[in-house]
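Enquirer:
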Amino acid sequence: MTTIPILTIGTADTRSPFGSDASRHGWLIACTGKYTYRAIVRDEKLYPNAHAFVPERFLEETDDVTKKKMDPKSYVFGFGRRRCPGANLTDSSLWYLMVCMMDTLDISKATDDFGNVIEPKVDFNNSVFRIPDPFQVDIRPRSEQALKVISH
Ligand code: HEM
59 MTTIPILTIG TADTRSPFGS DASRHGWLIA CTGKYTYRAI VRDEKLYPNA
109 HAFVPERFLE ETDDVTKKKM DPKSYVFGFG RRRCPGANLT DSSLWYLMVC
159 MMDTLDISKA TDDFGNVIEP KVDFNNSVFR IPDPFQVDIR PRSEQALKVI
209 SH
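Under the numbering used here, the first residue of the sequence shown is numbered 59, with each subsequent residue one higher.
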């Protein structure tokens with residue numbers, strides 16, 4: 059029987075249609091991603107309190123080996139010959155998008171009609187992609203110049 063490894067990186071929860079190995083027309087479809095990737099990104103030894111959003115953890119001084127292990131780019135794009143060929147494109151595109159947003163936009167929590175800050179309720183219910191449910195946020199151009207730049 060031929061085996062096809064299926065990486066369900068975006069569907070790392072129990073609702074994945076590839077939640078377990080399956081057999082179709084003599085092919086074994088092995089579900090490997092769900093467990094391996096989830097285990098790596100939530101490794102409490104590398105990332106204490108792994109479920110919490112603590113980006114500062116990546117700024118802490120540590121030895122080179124641990125630093126490399128902690129770097130998501132060491133594993134989120136796969137390994138070896140089948141490593142994602144879009145890794146550099148993704149990396150550059152995300153960097154470009156983030157610096158452009160930081161340069162031109164003021165992003166803060168939304169306020170209600172009385173000026174009270176609305177604490178965002180951030181839930182993740184999309185079973186395919188790790189994107190939050192819609193929530194209110196205040197996004198404004200940083201300046202007149204920034205407005206001109208983003209309007210074109
Ligand atoms: C956040 C963005 C991305 C992530 C996390 C990601 C992740 C991955 C992973 C985990 C694999 C499987 C590697 C393996 O089998 O070991 C893969 C394969 C692949 N990715 Fe991506 N990828 C991303 C973006 C892209 C982009 C932008 C492109 C194209 C422009 C792309 C094209 C491919 C292709 C063609 C393969 C198959 C490579 C092969 O089987 O030889 N990916 N990607």
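Backbone N, C-alpha and C define an ideal beta-carbon position, used for all residues, glycine too.
This structure is a prediction, so every number in the text was calculated from the model and none was measured.
Distance, Cα to Cα, R100 vs E202?
Expert: Going by the C-alpha atoms only, they are around 42 angstroms apart.
Enquirer: Helix, strand or coil: which one does DSSP assign to S201?
Expert: Note: S201 maps to coil in three-state DSSP.
Enquirer: Any Cβ of chain B within less than 8 angstroms of the Cβ of R141?
Expert: No chain B appears in this structure, which consists of one protein chain only.
Enquirer: Got a sec, what are the start and stop residues for the alpha helix (DSSP H) A145 sits in?
Expert: Run containing A145: 145-162, per the alpha helix (DSSP H) assignment.
Enquirer: Can you determine whether any heavy atom of the ligand HEM sits closer than 7 angstroms to the C-beta of L147, and answer yes or no?
Expert: Result yes, Cβ under 7 angstroms from the ligand HEM.
Enquirer: Check V207 in the structure and name its three-state DSSP category.
Expert: V207 falls in the helix class under three-state DSSP.
Enquirer: R200 and T162: beta carbons closer than 8 angstroms?
Expert: Yes, they are a contact pair.
Enquirer: So does V99 have its beta carbon nearer than 7 angstroms to some heavy atom of the ligand HEM?
Expert: For the ligand HEM, not one heavy atom lies less than 7 angstroms from the Cβ of V99.
Enquirer: Give the range of the beta strand (DSSP E) segment to which R82 is assigned.
Expert: From DSSP, the beta strand (DSSP E) with R82 extends over 80-82.
Enquirer: Check whether the Cβ of C158 lies closer than 7 angstroms to any heavy atom of the ligand HEM, and answer yes or no.
Expert: Outside the cutoff, so no.
Enquirer: How big is the Cα-Cα spacing for A145 and L117?
Expert: In a straight line, the C-alpha of A145 is about 22 angstroms away from that of L117.
Enquirer: Would you check whether the ligand HEM has a heavy atom nearer than 7 angstroms to the C-beta of V134?
Expert: Under cutoff, so the answer is yes.
Enquirer: Kindly list the residues whose CB is nearer than 8 angstroms to the CB of R73, restricted to its own chain and excluding five residues on each side of it in sequence; keep chain order.
Expert: With a pLDDT of 38 at R73, under the threshold of 50, the predicted position of this residue should be treated as unreliable, and no value is reported.
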